[in-house]
Structures are given as C-alpha cells and as structure tokens.
Amino acid sequence: MSAVLWLTTSAVRAWAAVYTLGLPPALRRERQAELESDLWEQLHTASRDGRPPLRTAGDILLRVVRGTPADVLWRINDARARQMELVLAQGASLRAPARRGQDSWFGRNGWVVPVAMLVAVVAFMWWLMEGTRPSRLAFAIDSPDHLAVSDASWELRARCCSRSGVPSWDGSRAVHTFRLTNQADHVARVRIEGLERLPAGFRYAYGTAQPGAVEAHRAFMDLQAAFRDQFTGATDFAATTAAFEANNLRVFAEAYGGFFGGTPRNMGEAWQLGEYWLRNLPDATACAGEAANGGCASYIWVTPGAAVDVAVVIEAPPGSSEGYVRSIDLALVDLAAP
Amino acid sequence: MRRRPDSLIPLEAAILAAGIDLRARGAAYFHGFGIAREIRDRAGARLLTAHGTLYRALDRLHRAGLLESEWEEPALAANEGRPRRRLYRVTPAGEAALAKYAAEAETRGSLRPGFAQP
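In the order they appear, the protein sequences are chains B and H. The opening position of the first sequence corresponds to residue 1 in my numbering, with each subsequent residue numbered one higher. The opening position of the second sequence corresponds to residue 339 in my numbering, with each subsequent residue numbered one higher.
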C-alpha cells in the first residue's frame, strides 16, 4: 500500500475511532468493522481497476469528509437510540449510574467529542489541501579559497502543491543569503554562476544586500520557525518574538520597504518577501530575468578584507509543476583574481 | 423535526431499490460498499455515497426493520483474505415502505432518475 493510501485509511480509522468514542463496545466495534470492510472493498476494487493510488486516496477522503456531518448526527441521535435498545435488551435501567458519568463527559447527547473532532478533521483537511513547503532546497556554493562564504541562510515558500500531491516549485520563491568576505589583497569582482542552468521560465536575481539585512532575514526566519512550532512547544515563541522586535524589527522593516509589520499575522504572506528581494537588490537589475536568457552579467565588488552580504533570489514560473528542483549548485567566480 | 419511522429519504429509498434489484439479479445479500457502488451506477453519478451518510442510512433502515443484517462467517472472509462483510437484505417491510415511497413520489412526480420501482 502506498504511503498516501496508508495515510488516508489511517485518517478514516482515526475519525471512526473518535466519533464512536464512548459508545458501547459492541456498537463501536460493529461500526468500525463495517468501515474496515468498506475500505478494503474500495481499495481492492480500485487496485483491480488500475486506479492510481492518489485518486483512490482522494475518493476515500472525499467520502469520509462528506460524511462527517452524518457521522456526527448519527453519534448524537441514532447511536443513542441504539444504546437504549442495547440497554433495554440487556434488561438494565436506562438511568443506570454508569451511564450518567458517560453522558456528562460527552455531553447530554454525547455530542461534545464528535463535534470537537469534526472541527479537528476539517482543520486537518484544510492543512492537507493548503499549499505546502517542499523539502529544504539545497544551495551548494563553490568558491575560491580567498572568498569565504559564511552565515548562509535560506528561505523557501511554495504556494501551489498540496501535501498529498506532487512536490512542485510552481510559484515558489527561494531567498538565499550569505556573507562574502574577500581575504585576498585585490578587489574581487565576483560573479555567481549556475543560475543560468535553472529550467526555462525561472526568474532570478542576486546582488549585495543592505547592511544588516542578512541578520534581519535570519531573525525573521527564526521567528517564522518559532511561529510554526509554538503549538508544539518546541520553541519559546514569545521570547523569540521579543528578541526579534528588540534587535531586528527596525532594520528588517526598512529592508523590506515597510511591507512587514512585525506581527505574527503577517506570516501567511511571508512568501511575498521574496518579491522585495527580487526587485530591490541594489545592483541586481541587470541580473534579474529569465534564466534561459543567458545568465547574469552583474558583479559583486568586494574590497580586500571587506565583507558584503549577498542575496540570491529564485522564483519558479507559476502555473506549472515542471522544472521542480531540489538543489542548486552555484559557484562564485572572481574575475579579478590574478 | 423528527421523521416518522416508516418515512424514507431518497437515499434510503435508493438503498432499498438497489437491494431489491440486486436480489432480482441473484444476489441475496449486499454489503455497504457494494450498495454504494450499485447506487452510484444506477444514478449515473460520479461519486460514491459518503461513509457517514451511507452507514447512517443503513443503520436507520435496519433499526426500522426495513433491512435485516448479519455478519458473514469469519472463515469465508478469512479464506478470501479480507475483513468480514456485514450483509444486508431488504425485508418485506422494506419492500412495502419502498412501494409506498414510490407511490407517493409518483403522485408528486418526483421519482428520481435511476430509481427502479419495485
């Protein structure tokens, strides 16, 4: 069974386990067994018909999502009637103390848990359908010995592809920043090679960034990570936010032309930050353009012993998942090297 | 507003009609996924009935005595390497309820496409 089918059937089982929670074991087992049989039949039929796993997973997900209101209604109304039938069949009183505790825990009609979990399922589906970030884009930068690259950071945002779909760079932007130090005694005239090998349609730019922009960029990414992880408790979001606002907000806001307001609510639109880099790198104008147009003729000048912050921005063409790449090999070439 | 126990909604009528039709074609019993597929094919629809909708309707029909059900023998399922099926059959009361539904629907002129009269 493919991973996506496993994930889908697990979601169906998990949902069934939730909305049958608190029911008499026999009734619960009955519903779950019936669903298990249904899942098997659908998977078996799809496999026999040669239906692709992704489409089968979509079919199953649609069936469970469309049925969740009925599941909840069944849990609230119908299953209660079944409980009564079972209790009556066993000759017990409907007012047995054991039932009271269960009712108070799950609500008078047993609706609290199913409704809460319906909300959770809807949220999960939204998360699944919403665009995902492809796995980390690897930038490999080769450089001559006298050009030291440090403090590299990167950012990648994707807008198109669902978590259950094919990874894609459609409409994505990557921003890669690093600090370049010239350790030689001549003025370095540096060109970044490799961008011209990007698939056709990609836009890119590189150039020196404003002082402090790299630190601000990194702090911003830390903040994003903290925002993402705050619900798991992996990061102290409040502390990270405070540090960001204390140290970097002003520089960052200036660097990004005031687009970023410094509040977590802006995070959803953070991918747009790449647009700033693409348009506003001081010396990137001559460089930005279609990758297929012959590469970049722009240079980064670095005086002996000095360090400059460099930003590389790459934007994938919208509307197509072709040209997906996971790594970019770049090379710094010093054209002034003796 | 609560429905009368013997009143049917279109899906329940479709289940009963498909079950009767299957029986006429030699399948004495049907199971959940099988009836969902049958209903889809009869209606010319693209999607299968949702899990929750289907099993809620089957449960209600069963409780109303319009369907009877039994779990198939474990050995049979094990031999075929699959989970046990819950097998349903339309009862005489189910046939009567469907006939009543069809008569009412015909009076209203609202019999749905793909709905076979018993």
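Virtual Cβ for every residue (Gly too), placed ideally from N, Cα, C.
For chain H, check one thing: does any of its Cβ atoms lie closer than 8 Å to the Cβ of residue i?
{"i": "B:D71", "result": "yes"}
{"i": "B:L94", "result": "The predicted model places B:L94 with a pLDDT of 40, which falls under 50 and marks its position as unreliable; any figure quoted below should be read in that light. For B:L94, the answer is no, since every Cβ of chain H falls outside 8 Å of its Cβ."}
{"i": "B:G50", "result": "no"}
{"i": "B:S37", "result": "yes"}
{"i": "B:V64", "result": "yes"}
{"i": "B:A17", "result": "no"}
Tell me which same chain residues have a C-beta within less than 7 Å of the C-beta of residue i, skipping the five on either side of it?
{"i": "H:G403", "result": "T429, A431"}
{"i": "H:A356", "result": "I373, E376, I377, R380"}
{"i": "H:W409", "result": "R422, R424"}
{"i": "H:S407", "result": "H400, R424, L425, Y426"}
{"i": "B:A14", "result": "none"}
Please list the partners that residue i has in chain H, where partner means a Cβ-to-Cβ separation under 8 Å.
{"i": "B:Q42", "result": "F371, L386"}
{"i": "B:T208", "result": "Here the premise fails: no neighbours, minimum Cβ distance about 56 Å."}
Output yes if chain B places a C-beta closer than 8 Å to the C-beta of residue i; else output no.
{"i": "H:P421", "result": "yes"}
{"i": "H:G357", "result": "no"}
{"i": "H:Y367", "result": "no"}
{"i": "H:Y393", "result": "yes"}
On the premise that residue j lies in contact with residue i, defined as a C-beta separation below 8 Å, what is that separation, rounded to the nearest angstrom?
{"i": "B:L5", "j": "B:R191", "result": "B:L5 to B:R191, Cβ: 48 Å. No contact."}
{"i": "H:L414", "j": "H:Y367", "result": "Actually they do not touch by this definition, with Cβ atoms about 12 Å apart."}
{"i": "H:R375", "j": "H:L405", "result": "With 8 Å as the limit, H:R375 and H:L405 do not qualify as a contact, their Cβ atoms being about 17 Å apart."}
{"i": "B:A35", "j": "H:H400", "result": "Residue 35 of chain B is actually Leu in this sequence, not Ala. Contact flag wrong, Cβ pair sits at about 16 Å."}
{"i": "H:L392", "j": "H:G370", "result": "6 Å"}
{"i": "B:S37", "j": "H:R398", "result": "About 19 Å separates the two Cβ atoms, so there is no contact after all."}
{"i": "B:L73", "j": "H:R384", "result": "Not quite, the Cβ-Cβ distance comes to about 24 Å (not below 8 Å), so this is no contact."}
{"i": "B:T177", "j": "B:V310", "result": "7 Å"}
{"i": "B:T56", "j": "B:L39", "result": "At roughly 10 Å, the Cβ-Cβ gap does not stay under 8 Å, so B:T56 and B:L39 are not in contact."}
{"i": "B:I60", "j": "B:V12", "result": "6 Å"}
{"i": "B:V122", "j": "B:A205", "result": "That belief does not hold up - the Cβ atoms of B:V122 and B:A205 are roughly 40 Å apart, past 8 Å."}
{"i": "B:A138", "j": "B:S327", "result": "4 Å"}
{"i": "B:A3", "j": "B:P144", "result": "B:A3 to B:P144, Cβ: 43 Å. No contact."}
Identify, in the order they occur along the chain, each residue of the same chain with its Cβ nearer than 6 Å to the Cβ of residue i, setting aside the five sequence neighbours on each side.
{"i": "B:L330", "result": "I141, I192, G194"}
{"i": "B:T20", "result": "R28, R31"}
{"i": "H:Y439", "result": "L346, A351"}
What residues of chain H sit near residue i, judged by a beta carbon separation below 7 Å?
{"i": "B:T68", "result": "G390"}
Taking residue i as the query, report the chain H residues whose CB atoms sit under 9 Å from its CB, ordered along the chain.
{"i": "B:A33", "result": "W409, P421, R422, R424"}
Does the ligand COA have even one heavy atom less than 7 Å from the beta-carbon of residue i?
{"i": "B:L330", "result": "With respect to small molecules bound, the structure shown includes none, and the ligand COA cannot be examined in it."}
Among residues of its own chain, excluding the 5 on either side of residue i, which ones have a beta-carbon nearer than 8 Å to its beta-carbon?
{"i": "H:P461", "result": "Residue 461 of chain H lies beyond the stretch modelled for chain H, which goes from 339 to 456, so this question has no answer here."}
Cβ contact check for the region 14–29 of chain B and the region 356–365 of chain H: 3 or more pairs under 8 Å = Contact fails: fewer than three Cβ-Cβ distances are below 8 Å.
key: the region 298–313 of chain B touching the region 174–184 of chain B, judged by at least three CB pairs closer than 8 Å   = Yes, the region 298–313 of chain B is in contact with the region 174–184 of chain B.
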